[in-house]
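These notes are about the structure you will find just below.
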DNA sequence: ATGGTTGCCTTGCAA
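In my numbering, the protein residues as written are 3 to 261.
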């Protein structure tokens, strides 16, 4: 079972690349973030023609998440506990071949003094509540997506410069630790110890060619799925620019394979 | 160096 998370930064702008990537890599499950379209405008036919079931929770202009799967997607759930009617579209879950898949787009946070940062922390607390009240840590479960948090020093290009900043703040690390403390494991770290394996590079300041990135796109799994984990790779190639091609997302896909 | 670039869709916000 090949499961992927990819923040595409607009599915309409990225459609050509997303379709080509799917044809080349043929994942079983693809979790998308920042689709930036309402459900009616999601180009589902393109993916259905490739053999995928499609479940979305879209939103105009911002956010939006989706799960594409070769097998049917059961028990689909959208949103978090205490979401209001105006909730941001940031979480969609479904069960595929007996594995609970939770696709998340964690709020960015902007900067630590912003209301966006408080919103991020509240959102993470409600994600923890979802796990503890509606999920089973002893069952096969994968929580994956754009977490907008780099777990440790190996996951940021300049840890000293990033210390205390949004995406690498102690309070964010504490929130992430509560999720993993519930019973989740960083699948990438089962297979790779090295520093400098990033999944996101800012569009600005030539961050990608200078390799100034962060690993903020994570695949977290319960013990049952960690034991089935056979590999986890970041597809850095997809972040590259090529002449005559449409632009890449600022995030690379993260590919995890399970038995 | 609080800059820079991209995507939304139109004028400024979010990332």
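Don't be surprised by glycine CBs; every beta carbon is placed ideally from N, CA and C.
Distance between beta carbons of residue 150 and residue 104, contact taken as under 8 Å: With a Cβ gap of about 16 Å, residue 104 and residue 150 do not count as contacting.
task: Write down every uninterrupted run of the alpha helix (DSSP H) in the stretch 7-48 whose length is 4 residues or greater and which is fully enclosed by it, in chain order.
output: 13-27
task: List the DSSP bridge partners of residue 205.
output: DSSP lists no partner for residue 205.
- prompt: In chain order, what residues of the same chain have a beta carbon less than 8 Å from the beta carbon of residue 106, not counting five sequence neighbours either side?
  reply: 35, 67, 92, 93, 129, 145, 146, 147, 148 and 149
- prompt: Which residue's Cα is closest to the Cα of residue 184: 127, 234, 156 and 209?
  reply: 127
query: What's the gap between the Cα of residue 26 and the Cα of residue 115?
result: 42 Å
N-terminal and C-terminal residue of the beta strand (DSSP E) that residue 148 is part of: 143-148
Among 86, 222 and 14, nearest to residue 45 - alpha-carbon criterion: 14
- request: Could you have a look at residue 182 and say whether DSSP puts it in helix, strand or coil?
  value: helix
message: Using C-beta distances below 6 Å, list every residue in its chain close to residue 174, excluding the 5 sequence neighbours before and after it, in chain order.
response: 151
message: By the DSSP assignment, the alpha helix (DSSP H) with residue 230 in it spans what residues?
response: 225-230
query: Which residues bound the beta strand (DSSP E) around residue 80?
result: 76-80
- prompt: What residue range is occupied by the uninterrupted beta strand (DSSP E) comprising residue 57?
  reply: 55-59
query: Considering residue 115, what are the terminal residues of the alpha helix (DSSP H) in which it resides?
result: Careful: residue 115 lies outside any alpha helix (DSSP H) and carries neither H nor E.
task: For residue 71, write down the residues that DSSP places opposite it in a beta bridge.
output: 31 and 55
field: CA-to-CA distance, residue 246 to residue 177, given in whole angstroms
entry: 42 Å
query: From residue 120 to residue 111, what does the alpha carbon distance come to, in whole angstroms?
result: 7 Å
For residue 102, the first and last residue of its enclosing beta strand (DSSP E): 101-107
- request: Could you give the DSSP three-state label for residue 122: helix, strand or coil?
  value: helix
Proximity winner among 210, 207, 211 and 216, relative to residue 199 (alpha-carbon distances): 216
message: For residue 163, report the span of its beta strand (DSSP E) as first-last.
response: Note, residue 163: premise wrong, no beta strand (DSSP E); alpha helix (DSSP H) at 161-164.
message: Which of the three DSSP states is assigned to residue 213 in this structure?
response: coil
query: Near residue 59, what residues of its chain come up, given a Cβ to Cβ distance below 6 Å and the 5 sequence neighbours on each side ignored?
result: 67, 80, 91 and 94
message: Rounding to the nearest angstrom, what Cα-Cα distance links residue 77 and residue 237 in this structure?
response: 30 Å
message: Using DSSP's beta-bridge definition, name the partner residues of residue 260.
response: 231
- prompt: If we count the other Cβ atoms within 10 Å of its Cβ and call it buried at 16 or more, is residue 140 buried or exposed?
  reply: exposed
task: Run the CB neighbour count on residue 63, radius 10 Å, all protein chains shown included, and call it buried at 16 or more, exposed below.
output: exposed
- request: Taking the CB atoms as reference points, tell me whether residue 19 and residue 248 lie closer together than 8 Å.
  value: yes
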